[in-house]
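Participant: Once you've had a glance at the structure underneath, I'll fire off some questions.
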Amino acid sequence: MEIDLELSTCHQGEPEFGSFRNGVANSACGICVEEQCANCPTVIEHCKEISCENASLFCQEHVHAINQNPVKEPQNGLEFESKEAAYCFYREYARSVGFSITIKASRRSKKSGKFIDIKIACSRFGSKRESGATVNPRPCMKTNCKAGMHLKKKPDGKWIIYSIVREHNHEICPDDFLRGRNKQPSDVAFQKKGLHLALDVEDAHLMIEYFVSMQSDNPNFFYAIDLDDNKCLRNVFWVDSKGRLDYQNFSDVVFIDIFYLQKKYKIPFVPIVGVNHHFQYILLGCALIGEVSTSAFVWLMEAWLKAMGGLAPKAIITDQENFLKEAIVEILPHTHHFFCVWHILRKISENLGYIISQNSNFMTKFRKCIHDSLFDEQFEMRWQKMINRFELKDNGLVLSLFEDRKKWVPTYMQDVLLAGMSTAERSESIISYFDKYICVDSTFNDFIEQYKVFSIERLDMETVADSETREKRPALRSLSSFEKQLAMIYTDAIFKKFQSEILGVLSCQLQKEREDGAIVTFQVEDFEVKRKFIVSWKESELNVCCSCHLFEYTGILCRHAMLIMQVSGLTNIPSHYILKRWTRNAKVNHFVGIDTNRRLTDRVQRFNDICRRAIRLSEIGSLSPDTYQVAFQALEEVYKQCVTVNNSVKSISEPNNSVLNRAADIEEENHLNHTTKTTKKRKSYNKRVSW
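So the sequence shown is residues 1 to 691, counted in UniProt numbering.
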């Protein structure tokens, strides 16, 4: 199995092994494949080292030759057939001495794109870095150690040790390399605990192959792997490019669904779910969680937030669990956290079954307390009255629900919209969409195959919905000016929901109850659902609030509110009640997700920026054969222009000495004559890559 040292810039300076972060795992040659960075095949080898039974021999063709003889000392001028062979040689040397290594820097030929220069360093090089993502500190501190090996590619394709520094500025610490290696890596990694209760060796291997394949096909694919101190797999997270792009448009509310984890499904799947402008389920991230704990979800949220460019959602919905509350407070302190209604109702029925069986009107009183309270004080008064009547003031669940009331009671949620993702029954919610793709005893292979099917069907569904919205003109079914106003604004799916409310106005009758200054309160009797609702109306601000809370839960005005508006003489729905997320233009925004006025001096930033633009262009350009041709031709032309510009840029000169001239890539020879003109650039470059 070949080791590829083609490490992308964003991963340089991370340890070769032994210090995978217990926070967001963005170390060790990219165990977390970040952003849209170029492929980091070193990741493949580390992951295969974890997942393969013969992991300790992951470089067998090179290590075997080395193991036949005592480990040699690295010397200037020593040649190797490939960079992989050189890397394995130095890795074995480091192992024999007792330190770990990392790829510090690498450089490609500007003409061929192939590697011509690699620097490998002691993992203690550089200074200590602070990071809020780390849960546990690294076992070995940075000491700015200069020990390392500098490799150059010769014109004949072989690699040569150009320079070597053997002296370390710290005591040799065997734990740097041997931590977790007192057993064979495969033995350590696959002890039956954590995520390994769900995944066997073959499953883990399949998972890594899938991740690597996805990232190879699309650089915007993101994944992260969480390992414990013994290199046991604890948690995994991934999100595809579609999910990352969707989140840019629909980051207002997300749902972390732990249903499969709680119900003890064989695959501990935790999807992070959103909803698009067609009211369709969108997958904004996926995780396999090995343990139910605060630390596991802290890690997950850190990884997810990193994948989404640090953009926190306005609201997040979860079950009422302490480990979720604690993780969200730590990672998303400014995000509104709400509990799913159906989960609250399920807990009530499971924990207060004896009360419900003895009091047939309990749930009626409970629902009235929750849904018919327009003000905080009104809810609290009704709640106290209810728990006193049913003698629940000492019940643990009831106490916790009241303590967390601002996270689930509608009257406290009037400033945040939940986009239809919190319903009274799971089966009614969009979050249940994935249920048909996963079974309680699904194997990992079954799960991955179903995930692929889901991904295809999800894209097809959105394509069909886009087409229907674009090509169909909605049929009007009433004389309402509201209906006419929004017929060509909402998407087809959302307009149908809105149209249902418009038609429902006819089944409602209102009665004015009281007037308190600028606020008028009405009682609206809905004969279709056989219930009465309270609506408050402040005409001066065009502000309406209904006790059905349809707008808060779905972002669509209810029939009761629209009846009040009609009676008040309005002919158009106020703009603040028309959410962009439900409109045809929900995904029409600026082309770039980065400030175009800011000069991007870092190559990784430029790479990420172009990838984001390309993904957005792909989405629009793939809608029809005509747009595809336009996009394709434009990209071809831009590519040619970029090649021309790159070829016209003179490369950075190398130090002018005979050894370097022999080691340099032949493709770079034409650039070596420009040393005088590039003195400043060369000094800057040498400073950046110096030992």
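No residue lacks a Cβ here, since even glycine has one placed at the ideal position from N, Cα and C.
Helix, strand or coil: which one does DSSP assign to Pro625?
Facilitator: Helix.
Participant: To the nearest angstrom, how far is the alpha carbon of Met308 from that of Gln384?
Facilitator: Answer to the nearest angstrom: the Cα atoms are 42 Å apart.
Participant: How about Ile103 and Ala85: do their beta carbons lie closer than 9 Å?
Facilitator: Not a contact, by the Cβ cut-off of 9 Å.
Participant: In the DSSP assignment, the beta strand (DSSP E) including Leu151 goes from what residue to what residue?
Facilitator: Run containing Leu151: Gly148 to Lys153, per the beta strand (DSSP E) assignment.
Participant: Phe444 and Ala198: beta carbons closer than 9 Å?
Facilitator: Against a cut-off of 9 Å, the Cβ pair of Ala198 and Phe444 comes out as a contact.
Participant: Is there contact here, the region 570 to 579 with the region 434 to 451, by at least three beta-carbon pairs under 8 Å?
Facilitator: No, the region 570 to 579 does not touch the region 434 to 451.
Participant: Return the CA-CA distance between Phe261 and Cys232, expressed in angstroms with no decimal places.
Facilitator: Here the sequence assigns Leu to residue 261, which means Phe is not the residue at that position. For Leu261 and Cys232, the distance between alpha carbons rounds to 19 Å.
Participant: Give the single residue among Val520, Tyr553, Ile519 and Glu501 whose Cα lies nearest to the Cα of Val529.
Facilitator: Measuring from the Cα of Val529, the nearest candidate turns out to be Glu501.
Participant: Note down the Cα distance separating Lys393 from Phe482, rounded to an integer number of angstroms.
Facilitator: Looking at the two C-alpha atoms, the distance is approximately 47 Å.
Participant: Suppose the cutoff is 6 Å on Cβ atoms and the five residues either side in sequence are ignored; what does the same chain contact list for Lys677 look like?
Facilitator: Bear in mind that a pLDDT of 40 at Lys677, under 50, signals an unreliable position, so the number given afterwards is only what the model happens to contain. Closer than 6 Å at the Cβ level, and outside the excluded window around Lys677, lies no residue.
Participant: Within 10 angstroms of its Cβ, does Lys242 collect 16 or more other Cβ (buried), or is it exposed?
Facilitator: Answer is buried; the Cβ neighbour count reaches 16.
Participant: Confirm, please, whether the CB-CB distance from Ser373 to Pro313 is below 9 Å.
Facilitator: Not a contact, by the Cβ cut-off of 9 Å.
Participant: By a C-beta neighbour count over all protein chains shown, 10 Å radius and 16 as the cutoff for buried, is Phe417 buried or exposed?
Facilitator: Note on residue identity: the sequence assigns Leu, not Phe, to residue 417. Buried, by the Cβ-count rule.
Participant: Can you tell me the Cα-Cα spacing of Glu637 and Arg612, whole angstroms?
Facilitator: Rounded to the nearest angstrom, the two C-alpha atoms are 19 Å apart.
Participant: Quick check on the DSSP output: what are the complete alpha helix (DSSP H) runs of length 4 or more inside the region 258 to 296, in order along the chain?
Facilitator: Qualifying alpha helix (DSSP H) stretches, in chain order: 259 to 262.
Participant: Skipping 5 residues on each side, what residues in its chain have a beta carbon closer than 8 Å to that of Phe366?
Facilitator: So the list reads Ile348 and Met386, once near-sequence residues are dropped.
Participant: Look at the alpha carbon of Asp460 and the alpha carbon of Glu81, and state the distance between them as a whole number of angstroms.
Facilitator: Cα to Cα, the separation comes out at about 48 Å.
Participant: Considering Cα atoms alone, identify which of Phe390, Arg346 and Glu380 is closest to Gln358.
Facilitator: Comparing Cα positions, the closest option is Phe390.
Participant: With a CB to CB cut of under 7 Å and the five nearest residues on each side skipped, what residues in its chain are close to Tyr628?
Facilitator: Around Tyr628: Gly621 and Ser622.
Participant: Is the distance from the Cβ of Ile116 to the Cβ of Tyr87 below 9 Å?
Facilitator: No, they are not a contact pair.
Participant: Could you have a look at Asp526 and say whether DSSP puts it in helix, strand or coil?
Facilitator: In the structure shown, Asp526 sits in a strand (DSSP, three-state: E or B).
Participant: Please name the residue, chosen from His170, Ser106, Arg107 and Pro74, that lies closest to Arg91 on a Cα-to-Cα basis.
Facilitator: Considering only alpha carbons, the answer is Pro74.
Participant: Could you pull out every residue in the same chain whose Cβ sits closer than 6 Å to the Cβ of Asp240, ignoring the five residues on either side in sequence?
Facilitator: Excluding positions up to five away in sequence, the list reads Phe221.
Participant: Report all residues from its chain with a CB closer than 7 Å to the CB of Met149; omit the five preceding and five following residues, and keep chain order.
Facilitator: If we look at Met149 and ignore the five residues flanking it on each side, its Cβ neighbours are Pro74, Tyr90, Ile120, Ile161 and Ile164.
Participant: From which residue to which residue does the beta strand (DSSP E) around Thr364 run?
Facilitator: Counting along the chain, Thr364 falls outside any beta strand (DSSP E), though it belongs to the alpha helix (DSSP H) covering Phe362 to His371.
Participant: Tell me the start and end of each unbroken alpha helix (DSSP H) in the region 479 to 512 that is at least 4 residues and wholly inside, in chain order.
Facilitator: DSSP runs (the alpha helix (DSSP H)) wholly in the region 479 to 512: 481 to 486 and 492 to 504.
Participant: With a Cβ-Cβ cutoff of 9 Å, do Leu397 and Leu352 count as a contact?
Facilitator: Their beta carbons are under 9 Å apart, which means Leu397 touches Leu352 by this criterion.
Participant: On the DSSP letters alone, give me the boundaries of the alpha helix (DSSP H) that Tyr354 sits inside.
Facilitator: Run containing Tyr354: Gly353 to Gln358, per the alpha helix (DSSP H) assignment.
Participant: Which of helix, strand or coil does DSSP assign to Glu84?
Facilitator: Here Glu84 sits in helix by DSSP.
Participant: Straight-line CA distance for Arg405 to Pro219?
Facilitator: Rounded to the nearest angstrom, the two C-alpha atoms are 43 Å apart.
Participant: Under the three-state reduction of DSSP, which class applies to Trp304: helix, strand or coil?
Facilitator: Three-state result, Trp304: helix.
Participant: Rounded to the nearest angstrom, what separates Arg108 and Asp156 at their Cα positions?
Facilitator: Their Cα atoms are separated by approximately 16 Å.
Participant: Tell me which residue opens and which closes the beta strand (DSSP E) that Trp159 is part of.
Facilitator: Here the beta strand (DSSP E) through Trp159 covers Trp159 to Val165.
Participant: CB-CB under 6 Å to Ser251, same chain, minus the five flanking residues each way: which ones, in chain order?
Facilitator: Around Ser251: Leu311 and Pro313.
Participant: Cα-Cα, which of Leu151, Lys158 and Thr143 is closest to Ile172?
Facilitator: If we check each option's Cα against that of Ile172, Thr143 comes out closest.
Participant: Consult DSSP for Trp408 and reduce its assignment to one of helix, strand or coil.
Facilitator: Reduced to three states, the DSSP call for Trp408 is coil.
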